[in-house]
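Visitor: I am attaching a structure below and will ask some questions about it afterwards.
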Amino acid sequence: MHSYRLGAIGIVTTFFIIIFSTVLLPMVLFNPSDKEHRSNDYTKIPSNVADAARGRKIYVREGCFYCHTQFTRLQDRGYGPLVKAGDFIWETPHQLGTARTGPDLTNEGGRMASEWQKAHLISPRAVKPGSIMPSFSYLSERDMNDLVAYLQCLGNRREVHSFVEAPDEYQKTTPAGMALHNRKTVDTAASASANAGRGIYTQNCAVCHGLEGYGNGPNATSLEKKPPNFSRPYYKQYSDEFWFYRVSEGVAGTRMPRWTEVLTEEQRWYLVAYLKTLPQDQEITINSLKQIDKIEDVRLPKLSNQQFEPHHGGHGGHGEESEGDNMSPSEHGSHGSTPAPAPSASPSTTTGTSTESGAAPKEGGH
Amino acid sequence: MIGGLEFSMPDLVKNVPQLAFPHMRMFHVNAVAVGWLSMGYVGAIFYMVPNLCKTKLWSERLGNMTMWAWNLVLVGAFCTLVNGNTEGREYAELGAILDVMVAVALVLVALNIYMTILNRKVKKLYVTLWYFLGSLFWFPLVWIIGQRTFVALPGLNDAIVGWFYGHNILGMWFTTVGVGMMYYLLPRLTQAPLYSHGLSMLGFWGIALFYAPTGTHHITQSPVPEWLKAIAIISSIFLLVPVLTVLTNFFMTMKGRWGQAVTDLPLRFAVTSCMFYLVTCIQGPFQATRWVNWYLHFTQWVVGHAHLALLGTFSFILTSAVYYTLPKLTGKEFYSQGLIRAHYWLKFLGFLLMMTSLTIAGLIQSAGWAMGIPVDQWGLQIRPYWFFRGISGIMIVLGQLLFAYNVWKTLYSKPAASVAPAAKAAEVKA
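Residue numbers (this note's numbering), protein chains in the order written: chain A, -5 to 360; chain B, 4 to 433.
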């Protein structure tokens, strides 16, 4: 009898120690707060349009989280900003998910047009061939709209303020990078330097990248991995160091060579100066002189696929997830042109033709 | 158990685009966990414990009551989950009423068993009883903590508790009861003494110590505290200790008697289960380590691993228990040996096919994620494996249907025992 009692006490103690260390202790010690206001804001979409908080309940009810995760990991490319502990404090029950049978939805909001999302829910394969997502056409109009509103709210306060940077040895933070900057004699902001770079570009780069940097040089047709389109807003965010790094070291897995073998350091800096002047797609024009002086915080493309995977994005299925609203300082939810899920929208939006233009909502009326 | 079976097994065909797959998935998990495995386990416990204690079950009425409660829960689960009435917590989807019912039923089962053991006629506790005692103490607690029925924890804490529960329903219930059953069945079936009682105790305390904190290894890449992840990963690796002691014990018990598995069908199920246990437990710590997890997490590999544990290991041992106990309880031979054979091969081969296709699909997915290739591109690559998985699901369901038919035919003259034969019949005998 004695040994039995000892054993029973042993089991009880063991179990409580474990509960304490792995269940209670985290509850006490781990209390992240949302100081940076990065958690999803479900109130952003006006309640007369759709109810995103209710949409969350539908997301839970329909069990979306069995196939879609809601946390980005360090190694995930193309899923937007990394999550932090405070991002989840209002998320209960948690929807982190366990398996990614479909894409991660952490920062899904604004990536596709609401019409697209709705069409995709109704008939996934009509807008995304090869998808194995089940159809949720049995949802009522209201459920569907709320669910889309929820999806459009995901990650709506996780803004991107920094980009992929060149490796440390190109940054001033390291001795090697400092030495590089000390050796640099070219003013990459000067138009004279850009002019000097133009010739280098024409001789070496244009054959693939095209004269205007659209990625349409004659060689491009024969390349399996197409050269990028430098007119995309994404490339306007590149720092000098990043351009320099890319030019110098090339892009692994593509035909982009390591130009450090061919061009001198000075030549590469001239090239950088020129690359920065390449035209941008859908350049914003102004209506009055007043707008010129306004210093605007250039918002990075909100939740774009390609900002973490910039290279050669033009091919393949994700090309359409473009970084449309780059220059729009407004949040995606408040695009005048794309009110989130329009409740009045008839189910005929299932045509799916909105796919291509989907995420590039009209650049706020200009 | 036929009830549990009919509900649970068809869902294994969770396949390519299936209407309302998420609902099916919810019910699949719950039916397998609560319906098939738990019900079968409790049935087996009700049989084995009185046998080992050489005494009667403390209260047969209570036993009957819990059996009905459990079946009721399952019907409730079917009605709610398929309609999407879920709490939205993986493995803990059941609604509040059902949560409470399961908890009450569990506590009553535990009470029943504890009282039975207190009234035992044998002085020494066999290791199986240790396992059952531990499990019946842990599991109600884990269940109550894990369901989070009446609390709303902030997101990540919710996830921590969720995975504490999600992993421990396996670790402190399926594994411990399953291993306890292996300890009971292997020596009985082979007519050989257990190799070492000392080792068996080491295994038991090892699992008691190291299993519970491992849950966080499911979220090693989410922003939860690093120390918690470290505890989880380290104890996952330490789990190799109890696993290897347990399996050494089993294999040494089997030494010189492997040939029996050819002719003895329940033993064949049990041995297969041990083999899969070895594989799943080597896999587990391996994929819990950070860098492997980095690569494999979120993919079908993990799904394969989960099926290896629940289907390969614990479902097999449970089937073995049923095949062993049922003739003893009813005093009749099984209706058809051929059907048992067919069941074994369908389940075994079906499972191998499922495991292989899931693992390959998982590796393709991992490669896709690691290379940053969008889902729509590698999604097409794994379609053949979904297909094979579907086939394997059909094979397994077919096997289980044969099993159900066999059990039904065996029991045919006993209409009273039709709903949950093992549990019910155990009470009849005891």
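Every residue, glycine too, gets a C-beta built ideally from N, C-alpha and C. If you're wondering where the values come from, they're calculated on a predicted model, not measured in any experiment.
Check whether the region 140 to 148 of chain B touches the region 72 to 80 of chain A, taking contact to mean three or more Cβ pairs, one atom from each stretch, closer than 8 Å.
Guide: Result no; under three Cβ-Cβ pairs closer than 8 Å.
Visitor: Leaving aside the five residues before and after residue 364 of chain B along the sequence, list all residues of the same chain whose C-beta is less than 6 Å from its C-beta, in chain order.
Guide: Counting from 1 along the second sequence, the entry for residue 364 of chain B is found at position 361. Once the five neighbours on either side are set aside, the close Cβ partners of residue 364 of chain B are 303, 385 and 388.
Visitor: Who are the near neighbours of residue 104 of chain B in its chain, counting only those whose CB is closer than 8 Å to its CB and skipping five residues on each side?
Guide: Indexing the second sequence from 1 puts residue 104 of chain B at position 101. Excluding positions up to five away in sequence, the list reads 72, 75, 76 and 79.
Visitor: Pair every Cβ in the region 51 to 58 of chain A with every Cβ in the region 44 to 62 of chain B, then say whether three or more of these pairs are closer than 8 Å.
Guide: As far as the Cβ criterion goes, the region 51 to 58 of chain A does not touch the region 44 to 62 of chain B, which means the pair count is below three.
Visitor: Going by beta carbon distance, what residues of the same chain come within less than 7 Å of residue 293 of chain B, once the five residues before and after it are set aside?
Guide: Here residue 293 of chain B refers to the residue found at position 290 of the second sequence. 223 and 236, listed in sequence order.
Visitor: Expressed to the nearest angstrom, what Euclidean distance is found between the alpha-carbon atoms of residue 186 of chain B and residue 359 of chain B?
Guide: On the second sequence, residue 186 of chain B is found 183 positions in, with the first residue counted as 1. On the second sequence, residue 359 of chain B is found 356 positions in, with the first residue counted as 1. Rounded to whole angstroms, residue 186 of chain B to residue 359 of chain B spans 29 Å at the Cα level.
Visitor: Report the neighbours of residue 161 of chain A on chain B: residues whose CB is nearer than 7 Å to its CB, in chain order.
Guide: Here residue 161 of chain A refers to the residue found at position 167 of the first sequence. Within 7 Å Cβ-Cβ: nothing; residue 161 of chain A doesn't reach chain B, min ~18 Å.
Visitor: From the beta carbon of residue 311 of chain B, is the nearest beta carbon of chain A less than 8 Å away?
Guide: Your numbering for residue 311 of chain B matches position 308 in the second sequence. Judged by the 8 Å Cβ criterion, residue 311 of chain B is not in contact with chain A.
Visitor: Comparing the C-beta of residue 183 of chain B with each C-beta of chain A, is any distance below 8 Å?
Guide: Sequence index remark: in the second sequence, residue 183 of chain B carries index 180 (1-based). So no, residue 183 of chain B is outside the interface.
Visitor: What does a CB cutoff of less than 7 Å around residue 319 of chain B pick up in its chain, not counting 5 residues either side in sequence?
Guide: Within the second sequence, the letter at position 316 stands for residue 319 of chain B. Result list for residue 319 of chain B: 272, 275, 276 and 279, in chain order.
Visitor: How is the alpha helix (DSSP H) around residue 360 of chain B delimited, first residue to last?
Guide: As a working mapping, residue 360 of chain B is identified with position 357 in the second sequence. Start and end: 340 to 374.
Visitor: Using three-state DSSP, classify residue 335 of chain B as helix, strand or coil.
Guide: Within the second sequence, the letter at position 332 stands for residue 335 of chain B. Coil.
Visitor: Any C-beta of chain B within less than 9 Å: which residues of the region 77 to 109 of chain A qualify?
Guide: Listed by position along the chain: 77, 78, 79, 80, 81, 82, 83, 84, 85, 86, 87, 88, 89, 90, 91, 92, 93, 94, 95, 96, 97 and 98.
Visitor: Find the residues of chain A that neighbour residue 211 of chain B, judging by a C-beta separation of less than 7 Å, and give them in chain order.
Guide: Here residue 211 of chain B corresponds to residue number 208 of the second sequence, with the count starting at 1. Correct list: 5 and 8.
Visitor: Step through the CB atoms of chain A and report whether any lies within less than 8 Å of the CB of residue 229 of chain B.
Guide: Against the second sequence, residue 229 of chain B aligns to sequence position 226. Not closer than 8 Å to any Cβ of chain A, the Cβ of residue 229 of chain B fails to qualify, so no.
Visitor: In angstroms, rounded to a whole number, what distance separates the CA positions of residue 151 of chain A and residue 78 of chain A?
Guide: Counting from one through the first sequence, the residue named residue 151 of chain A turns up at place 157. Counting from one through the first sequence, the residue named residue 78 of chain A turns up at place 84. For residue 151 of chain A and residue 78 of chain A, the distance between alpha carbons rounds to 12 Å.
Visitor: Cutting at 6 Å between CB atoms, please list the residues of its own chain near residue 345 of chain A, excluding the five before and the five after it.
Guide: Position 351 of the first sequence, counting from 1, holds the residue named residue 345 of chain A. Bear in mind that the predicted position of residue 345 of chain A carries a pLDDT of just 37, short of 50, making it unreliable; the figure below should be weighed with that in mind. Cβ within range, chain order: n/a, list empty.
Visitor: For residue 248 of chain B, which of B:133, B:347, B:199 and B:177 has the nearest alpha-carbon?
Guide: Start at 1 with the first residue of the second sequence, and residue 248 of chain B comes out as number 245. It is B:199.
Visitor: Which residues in the same chain have their Cβ closer than 6 Å to the Cβ of residue 197 of chain B, if we skip the five residues on either side of it in sequence?
Guide: The sequence position of residue 197 of chain B within the second sequence is 194, counting from 1. Result list for residue 197 of chain B: 190 and 256, in chain order.
Visitor: Got a sec, what are the start and stop residues for the alpha helix (DSSP H) residue 241 of chain B sits in?
Guide: Translated into the one-based positions of the second sequence, residue 241 of chain B becomes position 238. Counting along the chain, the alpha helix (DSSP H) containing residue 241 of chain B begins and ends at 229 to 241.
Visitor: Since residue 265 of chain A and residue 241 of chain A are thought to touch, with beta carbons under 8 Å apart, how far apart are those beta carbons, to the nearest angstrom?
Guide: Sequence index remark: in the first sequence, residue 265 of chain A carries index 271 (1-based). Sequence index remark: in the first sequence, residue 241 of chain A carries index 247 (1-based). The pair is a contact, with the Cβ atoms about 6 Å apart (cut-off 8 Å).
Visitor: Given that a residue counts as buried once 16 or more other Cβ atoms are within 10 Å of its Cβ, and exposed if not, what is residue 121 of chain B?
Guide: The count along the second sequence starts at 1 and reaches residue 121 of chain B at position 118. The residue in question, residue 121 of chain B, is exposed, as its Cβ has fewer than 16 Cβ neighbours within 10 Å.
Visitor: Is residue 225 of chain A near the ligand MN, judged by its Cβ being under 7 Å from some heavy atom?
Guide: Among the components of this structure there are no ligands whatsoever, and the ligand MN is therefore not found.
Visitor: For residue 215 of chain B, which of helix, strand or coil comes out of DSSP?
Guide: Against the second sequence, residue 215 of chain B aligns to sequence position 212. Residue state, collapsed to three classes: helix.
Visitor: Please give me, in chain order, every unbroken run of the alpha helix (DSSP H) with length at least 4 that falls completely inside the region 78 to 145 of chain A.
Guide: Fully enclosed alpha helix (DSSP H) runs of 4 or longer: 108 to 116 and 118 to 121.
Visitor: Which residues in the same chain have their Cβ closer than 8 Å to the Cβ of residue 176 of chain B, if we skip the five residues on either side of it in sequence?
Guide: Locating residue 176 of chain B in the second sequence gives position 173, where the first residue counts as 1. 41, 44, 138, 141, 142 and 145.
Visitor: Can you have a look at residue 267 of chain B and say buried or exposed, based on whether 16 or more other CB atoms are within 10 angstroms of its CB?
Guide: Counting from one through the second sequence, the residue named residue 267 of chain B turns up at place 264. Buried: at least 16 other Cβ atoms inside 10 Å.
Visitor: Residue 4 of chain A to residue 204 of chain B, Cα distance in whole Å?
Guide: Stepping through the first sequence from its first residue, residue 4 of chain A is reached at position 10. Stepping through the second sequence from its first residue, residue 204 of chain B is reached at position 201. Looking at the two C-alpha atoms, the distance is approximately 13 Å.
Visitor: Which chain A residues sit within Cβ distance under 7 Å of residue 225 of chain B?
Guide: Taking the first residue of the second sequence as 1, we reach residue 225 of chain B at position 222. 65 and 90, listed in chain order.
Visitor: Thinking C-beta only, is residue 24 of chain A closer than 8 Å to residue 171 of chain B?
Guide: The residue labelled residue 171 of chain B in the question sits at position 168 within the second sequence. The residue labelled residue 24 of chain A in the question sits at position 30 within the first sequence. Not in contact: residue 171 of chain B and residue 24 of chain A (Cβ atoms no closer than 8 Å).
Visitor: What do you reckon, are the CB atoms on residue 146 of chain A and residue 108 of chain A nearer than 8 Å?
Guide: Here residue 146 of chain A corresponds to residue number 152 of the first sequence, with the count starting at 1. Here residue 108 of chain A corresponds to residue number 114 of the first sequence, with the count starting at 1. Yes; because the gap between Cβ atoms is below 8 Å, this pair is in contact.
Visitor: What residue ranges within the region 148 to 220 of chain A form continuous beta strand (DSSP E) runs of no fewer than 3 residues, ordered along the chain?
Guide: Qualifying beta strand (DSSP E) stretches: none in this window.
Visitor: Pick from B:65, B:239, B:150 and B:125: whose alpha carbon is nearest that of residue 98 of chain B?
Guide: Here residue 98 of chain B corresponds to residue number 95 of the second sequence, with the count starting at 1. Of the listed residues, the one whose Cα sits closest to residue 98 of chain B is B:150.
Visitor: Output, in sequence order along the chain, the residues in the region 14 to 28 of chain A whose CB is closer than 9 Å to any CB in chain B.
Guide: Against chain B - using a Cβ distance shorter than 9 Å - the residues of the region 14 to 28 of chain A are 15, 16, 17, 19, 20, 21, 23, 24, 25 and 26.
Visitor: Does residue 70 of chain A come out as helix, strand or coil in the three-state DSSP assignment?
Guide: Counting from one through the first sequence, the residue named residue 70 of chain A turns up at place 76. Reduced to three states, the DSSP call for residue 70 of chain A is coil.
Visitor: Measure from the C-beta of residue 412 of chain B to each C-beta in chain A and report whether the shortest distance is under 8 Å.
Guide: As a first step, residue 412 of chain B is located in the second sequence; it is residue number 409 there, counting from the start. No, its Cβ sits nowhere closer than 8 Å to a Cβ of chain A.
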